[in-house]
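Peer 1: Numbering (the working numbering), first residue to last: 21 to 420.
Each residue gets a CB set at the ideal place from its N, CA and C atoms; glycine is no exception.
1) Assign residue 255 to one of two classes, buried (16 or more other C-beta atoms within 10 Å of its C-beta) or exposed (fewer than that).
2) Closest by CA to residue 70, which one among 353, 107 and 252?
3) Does residue 227 pass the burial test, meaning 16 or more other C-beta atoms within 10 Å, or should it be called exposed?
4) Nearest-angstrom Cα distance between residue 117 and residue 169?
5) Using only the alpha-carbon positions, how far apart do residue 237 and residue 146 sit?
6) Per DSSP, what kind of secondary structure is residue 268 in: helix, strand or coil?
7) Do the CB positions of residue 180 and residue 274 come within less than 8 Å of each other?
8) Check this for me: beta carbons of residue 313 and residue 296, under 8 Å apart or not?
9) Kindly indicate which three-state DSSP category residue 155 falls into: helix, strand or coil?
10) Is there contact here, the segment 254-268 with the segment 123-134, by at least three beta-carbon pairs under 8 Å?
11) Could you tell me whether the Cβ atoms of residue 161 and residue 152 are closer together than 8 Å?
12) Please tell me whether residue 105 and residue 178 are closer than 8 Å, where the distance is taken between their beta carbons.
13) Tell me, which residues are paired with residue 301 by DSSP?
14) Return the CA-CA distance between residue 220 and residue 185, expressed in angstroms with no decimal places.
15) Ordered along the chain, which non-local residues of its own chain (more than five positions away) have a Cβ less than 6 Å from that of residue 193?
16) Would DSSP call residue 422 helix, strand or coil?
17) From this set, 266, 229 and 341, which residue's C-alpha is nearest residue 175's C-alpha?
18) I'd like to know if residue 135 contacts chain C, where contact means its C-beta is closer than 8 Å to some C-beta of that chain.
19) For residue 263, count neighbouring C-beta atoms within 10 Å of its own C-beta (all shown protein chains included) and say buried if the count is 16 or more, exposed if not.
20) Can residue 197 and residue 83 be called in contact, C-beta distance under 8 Å?
21) Let's test the definition: count the other Cβ atoms within 10 Å of the Cβ of residue 248 and tell me whether it reaches 16, buried, or not, exposed.
22) Please state whether the Cβ-Cβ distance between residue 139 and residue 76 is less than 8 Å.
23) For residue 288, collect the residues of the same chain with a Cβ closer than 6 Å to its Cβ; drop the 5 residues on either side in sequence, then sort them by chain order.
24) Tell me the DSSP secondary structure of residue 128 in three-state form.
25) Among 141, 243, 91 and 224, which has the Cα closest to the Cα of residue 182?
26) To which residues of the same chain is residue 233 closer than 6 Å at the C-beta, ignoring the five residues directly before and after it?
27) Looking only at its own chain, which residues have a Cβ that is under 8 Å from the Cβ of residue 133, when we skip the five neighbours before and after it?
28) What does a CB cutoff of less than 6 Å around residue 339 pick up in its chain, not counting 5 residues either side in sequence?
29) So what's residue 377 in DSSP terms, helix, strand or just coil?
30) Go ahead and pull the three-state DSSP assignment for residue 340.
31) Inspect the beta-carbon positions of residue 159 and residue 68 and report whether they are closer than 8 Å.
32) Quick one: give me the first and last residue of the beta strand (DSSP E) that residue 104 is part of.
33) In the structure shown, what three-state DSSP assignment does residue 282 receive?
34) Measure the C-alpha to C-alpha separation of residue 243 and residue 235 and round it to an integer number of angstroms.
35) Classify residue 351: buried if its beta carbon has 16 or more other beta carbons within 10 angstroms, exposed otherwise.
36) Specify, as a first and last residue, the run of the beta strand (DSSP E) that residue 74 falls within.
And the structure:
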């Protein structure tokens with residue numbers, strides 16, 4: 021199920037408590053973010069997952085707060101105990117969940133590649149079964165992500181999971197001008213697919229270990245051949261450089277999943293009924309590209325000029341919780357109806373066992389269409405009704 025929201029749903033309608041208490045708790049009561057393994061050895065059914073989210077100072081009070089108050093608040097809860105989320109930024113923050121780097125601010129290739137290198141460095145230090153990258157305009161459905169990753173073997177399989185945003189494999193013409201540039205790195209010149217960073221990228225532990233040779237684990241010197249050097253030589257963003265290294269240097273191709281979404285995909289084209297089935301969703305205020313949710317969350321501060329829920333993530337979170345609560349109630353109601361029907365039917369037959377019309381047409385008809393089975397109706401029913409009715413002349417004639 022997409023979200024295990026039993027504890028959340030009962031108090032959901034107090035919007036201030038639901039959306040602002042988790043933010044306070046996550047920001048100031050989280051365990052220390054020291055570079056140690058994020059979990060004890062895990063099984064295939066419960067892999068450890070480290071999620072790093074790339075952000076910047078200007079988004080700490082908007083996108084990061086929205087993420088912490090919604091999807092990121094589910095990490096560590098029931099069903100996601102082995103999931104850790106860290107935000108990688110270019111500015112200091114009092115929150116232990118925000119890792120500060122020495123990367124420059126902005127959206128330049130150099131800034132993006134610097135933060136991606138920092139994310140990979142953190143992942144290598146913590147050694148999870150899976151490392152996943154998302155941008156701060158991503159909404160991640162953690163339960164779906166965990167269920168998706170459980171099908172893989174992170175320490176046996178080379179995995180590069182994501183979704184491309186191009187219609188064809190990428191060709192880098194700049195390599196034609198400098199064929200000797202990557203000669204020492206066993207470069208195979210070939211088109212390649214890359215997973216779009218905004219949609220989400222996940223690597224297995226085995227793939228992550230193979231990337232270590234491209235990551236400088238300490239210091240500021242960037243030697244020839246490391247991740248940031250490759251970015252600079254190619255002149256491409258971080259997600260393109262990562263795909264290039266994985267495909268051309270390590271021969272690990274992209275495994276595509278269409279349940280990852282970036283702001284390059286139209287969010288409003290995803291039916292509401294399918295929103296809770298996705299792994300990641302996104303949005304863009306600039307392009308008015310938002311998920312199709314029926315109600316926009318309203319903050320108590322909306323009237324004082326402060327803008328809230330810019331990407332509609334709080335509205336989406338509310339929608340998913342309500343939908344999952346409805347599914348849970350419907351499931352419980354269906355089971356209650358089935359139990360009631362079974363009990364009433366059992367009582368009906370046990371009553372007629374002692375009655376004069378034990379082999380009446382009603383009993384034979386129900387037996388014939390298979391509404392009842394001996395193992396569900398008790399030994400008395402099985403021994404007497406089947407013997408006395410199903411094998412009687414009346415029921416025998418009906419069988420013929």
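Peer 2: According to the data block:
1) So residue 255 ends up on the exposed side.
2) Among 353, 107 and 252, the Cα nearest to that of residue 70 is on 107.
3) The residue in question, residue 227, is buried, as its Cβ has 16 or more Cβ neighbours within 10 Å.
4) Near 23 Å, if we compare the C-alpha coordinates of residue 169 and residue 117.
5) Taking the straight line from one Cα to the other gives about 12 Å.
6) In the three-state DSSP reduction, residue 268 falls in the helix class (H, G or I).
7) Result yes, Cβ atoms of residue 180 and residue 274 sit closer than 8 Å.
8) At least 8 Å separates the beta-carbon of residue 313 from that of residue 296.
9) In this structure, residue 155 counts as strand in the three-state DSSP scheme.
10) Put simply, the segment 254-268 touches the segment 123-134. At least three CB pairs are less than 8 Å apart.
11) With respect to the 8 Å criterion, residue 161 and residue 152 are not classified as neighbours on the basis of their beta carbons.
12) Taking 8 Å as the Cβ cut-off, residue 105 and residue 178 do not qualify as a contacting pair.
13) Looking at the DSSP output, residue 301 sits in a beta bridge with 159.
14) Rounded to the nearest whole angstrom, the CA to CA distance from residue 220 to residue 185 is 11 Å.
15) Here the set comprises nothing.
16) This structure cannot speak to residue 422, because the chain is shown only from 21 to 420.
17) Here the closest residue by C-alpha is 229.
18) Here there is only one protein chain, and chain C is not present.
19) Answer is buried; the Cβ neighbour count reaches 16.
20) In this structure, residue 197 sits away from residue 83, with a CB-CB distance that is not shorter than 8 Å.
21) With 16 or more Cβ atoms within 10 Å of its Cβ, residue 248 is classed as buried.
22) It is not a contact, given that the beta carbons lie outside the stated cut-off.
23) Only 312 meet the Cβ criterion.
24) When DSSP states are grouped into helix, strand and coil, residue 128 belongs to the coil group.
25) For residue 182, the closest C-alpha among the options 141, 243, 91 and 224 is that of 224.
26) Excluding sequence neighbours, residue 233 sits near nothing in its chain.
27) Counting only Cβ-Cβ distances below 8 Å, and skipping sequence neighbours, we find 247, 248, 251, 252, 257, 258 and 261.
28) Closer than 6 Å at the Cβ level, and outside the excluded window around residue 339, lie 313.
29) Because residue 377 sits at a pLDDT of 46, beneath the cut-off of 50, its placement in the model cannot be relied upon, and the point is left open.
30) Helix.
31) In this structure, residue 159 keeps its C-beta atom at 8 Å or more from the C-beta atom of residue 68.
32) Taken as a continuous stretch (DSSP letters only), the beta strand (DSSP E) holding residue 104 covers 103-109.
33) DSSP places residue 282 in coil when its eight states are reduced to three.
34) In a straight line, the C-alpha of residue 243 is about 10 Å away from that of residue 235.
35) The residue in question, residue 351, is exposed, as its Cβ has fewer than 16 Cβ neighbours within 10 Å.
36) Run containing residue 74: 69-74, per the beta strand (DSSP E) assignment.
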